[in-house]
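Here the structure comes first, spelled out in structure tokens, and everything after it is commentary.
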Amino acid sequence: MPRKRMVDPNFWRDEKIGQCSYMERLLFEGLWTFAEDSGVGRASPLLIKADVFPYDTLREADIEKGLLKLAGLGLILLYERGGQRYYFITHFKKHQTINKPSQCYLPTPLPEDYGSTPAPVTSEEKEKEKEEESEEKNNTARVRYADNVSMTQEEYGKLLSAYGEAATGRLIEILDNYKGASGKKYLSDYRAILNWVVSRLDEERKRGRGPGQPIAPDEKTVALMMEEREWMKRALAREKEQETSPARGKETEHGT
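For the sequence shown, full-length UniProt numbering assigns the number 1 to the initial residue and increments by one for each residue that follows.
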């Protein structure tokens, strides 16, 4: 039974796909759609033509040629069972998340169907898998952007997109100064920035101080520093008051 399938954006950048013609790429996508949840489908050019290319004037020989091309690239495995020919999409389960798999009726390939090697995995594919795993770890690992401020690269990227580089730097600086002076810790520095540091930056802008713009060490600078210190004291006092309330204490503890 045909089902909706996910297509990884990296599909179009794959070097093997780049070696396929336009028709062969459509053929490969069609095989994904009409394969069972095990990644197996009927490798009959007649059936594939009716399912994938119902409005095209392709010949069965063209589809057969496409199947052989995909098999030669290691994208599918062709095998026979009981006088019928089937295809198996290699690495099918790696790219498809199936929460409620349907019952499968077609026979899956046996080890001997692969020949001498279990499955064709090239060094390029192994390197690609390592890069994907590394990228996933980078998106979840926290990076230190100041002495007292850390967040994931994804969170930092969201700040850059929303506020720009200069403002993001100032947001981090404000939180870093506050945590350094108060000893306050947050489960998420990113959430702390969104919850109150952004408002603090807005106050600075209302006073006419742009993010990242140094102020000369004159009386105005001293006044601003004193004002910021007093503001930090008031913020710390408010947090202590909140911690005395059971309803708000839990929220403050989690930095939300």
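C-beta: ideal position from N, C-alpha, C; glycine also. Everything numeric in this text was worked out from a predicted model, so none of it was measured.
For PRO54, which residues from the same chain have a beta carbon less than 8 Å from its beta carbon, with the 5 sequence-adjacent residues on both sides left out? none
Go ahead and label LEU110 buried or exposed: buried means 16 or more other beta carbons lie within 10 angstroms of its beta carbon, across all protein chains shown. exposed
From TRP196 to GLU228, what distance separates their C-alpha atoms? 14 Å
Going by DSSP in three states, GLU241 sits in which element: helix, strand or coil? helix
For GLU241, which residues in the same chain have their Cβ closer than 7 Å to its Cβ, ignoring the five residues on either side in sequence? none
Provide the residue(s) that pair with ARG85 in DSSP beta bridges, ordered along the chain. GLU80
Beta-carbon proximity list for THR108, same chain, < 6 Å, skipping 5 on both sides: SER38 and VAL40
What are the boundary residues of the beta strand (DSSP E) that GLY41 is part of? 40-42
Are the beta-carbon atoms belonging to MET232 and TYR178 less than 8 Å from one another? yes
Euclidean distance between Cα positions of ALA119 and LYS184: Low confidence applies to ALA119: its pLDDT is 46, below 50, so where it sits in the model is not reliable enough to give any reading.
Would you mind stating whether ALA43 and LEU67 have Cβ atoms separated by less than 8 Å? yes
Leaving aside the five residues before and after ILE174 along the sequence, list all residues of the same chain whose C-beta is less than 6 Å from its C-beta, in chain order. VAL197 and ARG200
Whole beta strand (DSSP E) elements within the stretch 163-199, 3-residue minimum: none
For GLU15 and ILE172, I'd like the C-alpha separation in whole angstroms. 41 Å
Using the rule of at least 16 other Cβ atoms within 10 Å of the residue's Cβ for burial, across every protein chain shown, is LEU73 buried or exposed? buried
So is GLU155 buried or exposed if we call it buried at 16+ other beta carbons inside 10 Å? buried
Environment of TYR22 [buried if 16+ CB atoms lie within 10 Å]: exposed
Using the Cα positions of ASP176 and SER182, report the straight-line distance between them to the nearest angstrom. 10 Å
Return the Cβ separation of PHE28 and LEU70 in integer angstroms, given the expectation that the two are a contact with Cβ distance under 8 Å. 6 Å
MET235 in three-state terms, based on DSSP: First, the residue type needs correcting, since residue 235 is Ala and not Met in the sequence shown. Looking at ALA235 - three-state DSSP - the assignment turns out to be helix.
Within 8 Å, strictly: CB atoms of ARG85 and LEU77: no
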